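Chains as they are written, first to last, in my numbering: chain A, 1 to 112; chain B, 1 to 166.
What follows is the structure, given as structure tokens:
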């Protein structure tokens, strides 16, 4: 199944701690909504709502295994969010590396 | 590596980087406050930066251009919001048209730089905030084009050829 990733939805869905936890648990893809709800002190309906938000954001999918429906994390959605920040991290890491070089040269200059 | 921590918060659209330097805070501040030093680390070796104007005061502007391998010269600027030497600098970073007007096709990011003494060393924190997810995507894509994945060794070699400035 093809899932279009809407980036604002994606980041909005990840803004909630419970939903981030659901995403972590659903990586194994073994539990249905009822089992997931057992991990939290909130109603089944509330957990169901969180799962629906994650599903719309493309972060989890529901799959049928036999008679059961399990919630499974869509790793591609998670990777998209990480990738964007990773690239920006690299830009600043490179800048800090150049800063360090400059500072090291400065010290040598003073010592002379 | 002097980078000691990276915190990425996709939901808040921020990235916070912490680095430690074996130099006094005043010296680290000069990396930002002295245009000749700023231009030696701001751009990657493939796109070195030249600082054209440098007004480091609230409401001031810093203007720079970069020179690419094909001779292309993209322009950029900062709009400076807060300056507290040698500890704090807040500015918005954007791209400019040829006449230095803001290029609104590209988003601006807000950078908050904090420099503090930490017992013999200096800790610098940079928090970058993006206006939207699209903005993050756009800037990330540009970063790739400008060859930011240069090996650190190569960068060091290029910088080592130049005489140190004070």
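Backbone N, C-alpha and C fix where the C-beta goes; we use that ideal spot for every residue, glycine too. Keep in mind it's a predicted model, so treat the numbers as computed, not measured.
Q: Starting from the Cα of residue 73 of chain B, find the closest Cα among B:86, B:56, B:97, B:54 and give me that residue.
A: B:97
Q. Roughly how many angstroms lie between the CA atoms of residue 57 of chain B and residue 63 of chain A, to the nearest whole one?
A. 57 angstroms
(Q) Under 8 angstroms, with one C-beta from each stretch per pair, do the segment 95-105 of chain A and the segment 34-45 of chain B reach the 3-pair mark? (A) yes
(Q) So within the segment 8-51 of chain B, which uninterrupted beta strand (DSSP E) runs reach at least 3 residues, ignoring any that extend past its ends? (A) 14-21
**Q.** Exposure of residue 144 of chain B, with buried meaning 16 or more beta-carbon neighbours within 10 Å
**A.** Note that residue 144 of chain B has pLDDT 39, beneath the 50 cutoff, so the model's placement of it is unreliable and the number below is only indicative. Exposed, because fewer than 16 other Cβ atoms sit within 10 Å of the Cβ of residue 144 of chain B.
Q: Determine the extent of the alpha helix (DSSP H) in which residue 21 of chain A is found, giving its start and end residues.
A: 17-25
(Q) Would the segment 40-59 of chain A count as touching the segment 74-93 of chain B if we require 3 or more Cβ pairs under 8 angstroms? (A) no
**Q.** Identified DSSP bridge partners for residue 31 of chain A
**A.** Per DSSP, none; premise fails for residue 31 of chain A.
Q. What number of angstroms, rounded off, separates the C-alpha of residue 25 of chain B from the C-alpha of residue 6 of chain B?
A. 20 angstroms
Q: Look at the alpha carbon of residue 127 of chain B and the alpha carbon of residue 28 of chain A, and state the distance between them as a whole number of angstroms.
A: 34 angstroms
Q: With 8 angstroms as the threshold, decide whether the Cβ of residue 67 of chain B is near any Cβ in chain A.
A: no
Q: May I have the straight-line CA-CA distance separating residue 68 of chain A from residue 54 of chain A, to the nearest angstrom?
A: 19 angstroms
Q: Please determine, among B:110, B:124, B:95, the residue with the shortest C-alpha to C-alpha distance to residue 103 of chain B.
A: B:95
Q) So residue 18 of chain B and residue 123 of chain B are in contact, right, with Cβ under 8 angstroms, and what is the actual spacing, rounded? A) 6 angstroms
Q. What number of angstroms, rounded off, separates the C-alpha of residue 120 of chain B from the C-alpha of residue 23 of chain B?
A. 8 angstroms
Q. Roughly how many angstroms lie between the CA atoms of residue 46 of chain B and residue 82 of chain B, to the nearest whole one?
A. 30 angstroms
Q) Considering only residues of the same chain and omitting the five flanking positions on each side of residue 109 of chain B, which have a CB-CB separation below 6 angstroms? A) 93, 128, 130
(Q) Judging by CA-CA distance, which residue of A:42, A:41, A:26 is the nearest neighbour of residue 74 of chain A? (A) A:26
Q: Name, please, each residue of chain A whose Cβ falls closer than 7 angstroms to the Cβ of residue 37 of chain B.
A: 102
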